[in-house]
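These notes are about the structure you will find just below.
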Amino acid sequence: MTGGGASDEEAAAARVASFPLGRRLSNELLPCVEQLLPAERWPQIGRLVVATGPGGFTGTRLTVVLARTLAQQLQVPLDGVSSFLLAARRLGIQEPTWLVQELPRRGVVAGLYGPAGAGGTLTELEPPRLFGPGTAVPPGVQVPATALLPDDVDQLLELSLLAHAQGLAAPWQPVLPSYPTSPVAGL
0 MTGGGASDEE AAAARVASFP LGRRLSNELL PCVEQLLPAE RWPQIGRLVV ATGPGGFTGT
60 RLTVVLARTL AQQLQVPLDG VSSFLLAARR LGIQEPTWLV QELPRRGVVA GLYGPAGAGG
120 TLTELEPPRL FGPGTAVPPG VQVPATALLP DDVDQLLELS LLAHAQGLAA PWQPVLPSYP
180 TSPVAGL
């Protein structure tokens, strides 16, 4: 979450916290958010940002829904950023590279990231998708897509601050969770 018009003192007081909730996520997500920023201060929020996955089905769904709901109700912009793009930025990818994440018994989730255009801005060239067992990822450099906290959170906030500084619109409606695998496949 980023604040609109935050003073230098408030920006310096930014906090990042990690709450390893596991299966307690659905019951404890909101209280954890309130530990970081009490609900009475939510009207001061000027812009929100959320990692959209790929990630765990429940965790991704709950965090994106919470961010969308807050953005809608507070009438603030919402930036949604792929978790793989955060990893690609952190890794400093300079050439088209497949970020891959193995899923036991399901295959590999992979997305292609690299510089785009003359400016060389790192972007998602192909969104993450599932390559089932026996299906190869297209040729090219492959790097594991691992989450790293708090570094990925720093990337997330940096991208949102950059979008804000550029005056980019960020409606909440198109921000959706990324589900390269179906939670009901194989039923």
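Read left to right, the sequence shown gives residues 0 to 186 (numbering that gives the first Met the number 0).
Cβ atoms here follow ideal geometry from the backbone N, Cα and C, with glycine treated the same way.
Being a predicted model, the structure only gives us computed values, none of them experimental.
Residue i classed as buried or exposed, judged by whether at least 16 other C-beta atoms fall within 10 angstroms
i	result
Val15	exposed
Thr120	exposed
Thr57	exposed
Leu111	buried
Thr134	exposed
Gly55	exposed
Element boundaries [beta strand (DSSP E), containing residue i]
i	result
Thr59	No beta strand (DSSP E) holds Thr59; the alpha helix (DSSP H) holding it covers Phe56 to Leu73.
Phe18	Phe18 -> no beta strand (DSSP E), and no H or E assigned at all.
Gln43	First-last for Gln43: undefined, no H or E at that position.
Spatial neighbours of residue i in its chain, beta-carbon cut-off 8 Å, leaving aside the 5 residues before and after
i	result
Ala168	Pro76
Val99	Val107, Val108, Ala109, Val136, Gln141, Val142, Pro143 and Ala144
Trp41	Leu69 and Leu73
Rounded straight-line distance, which links the Cα of residue j to that of residue i
i	j	result
Val136	Leu29	38 Å
Leu20	Glu125	31 Å
Leu148	Arg88	14 Å
Glu123	Leu158	14 Å
Arg60	Glu94	31 Å
Val174	Arg67	7 Å
Pro53	Phe83	7 Å
Thr96	Gly118	18 Å
Beta-carbon gap between residue i and residue j smaller than 7 Å
i	j	result
Leu47	Leu65	no
Pro127	Pro179	yes
Asp78	Ala146	no
Val63	Pro176	yes
Leu85	Asp151	yes
Val80	Leu155	yes
7 Å Cβ cutoff, residue i in contact with chain C
i	result
Leu147	Of the protein chains in the structure, only one exists, and it is not chain C.
For residue i, the first and last residue of its enclosing alpha helix (DSSP H)
i	result
Pro127	Here Pro127 belongs to no alpha helix (DSSP H); instead the beta strand (DSSP E) covers Thr120 to Phe130.
Pro30	Leu24 to Leu35
Contact set for residue i: own chain, Cβ-Cβ below 7 Å, skip 5 residues either direction
i	result
Gln172	none
Spatial neighbours of residue i in its chain, beta-carbon cut-off 6 Å, leaving aside the 5 residues before and after
i	result
Phe18	Cys31
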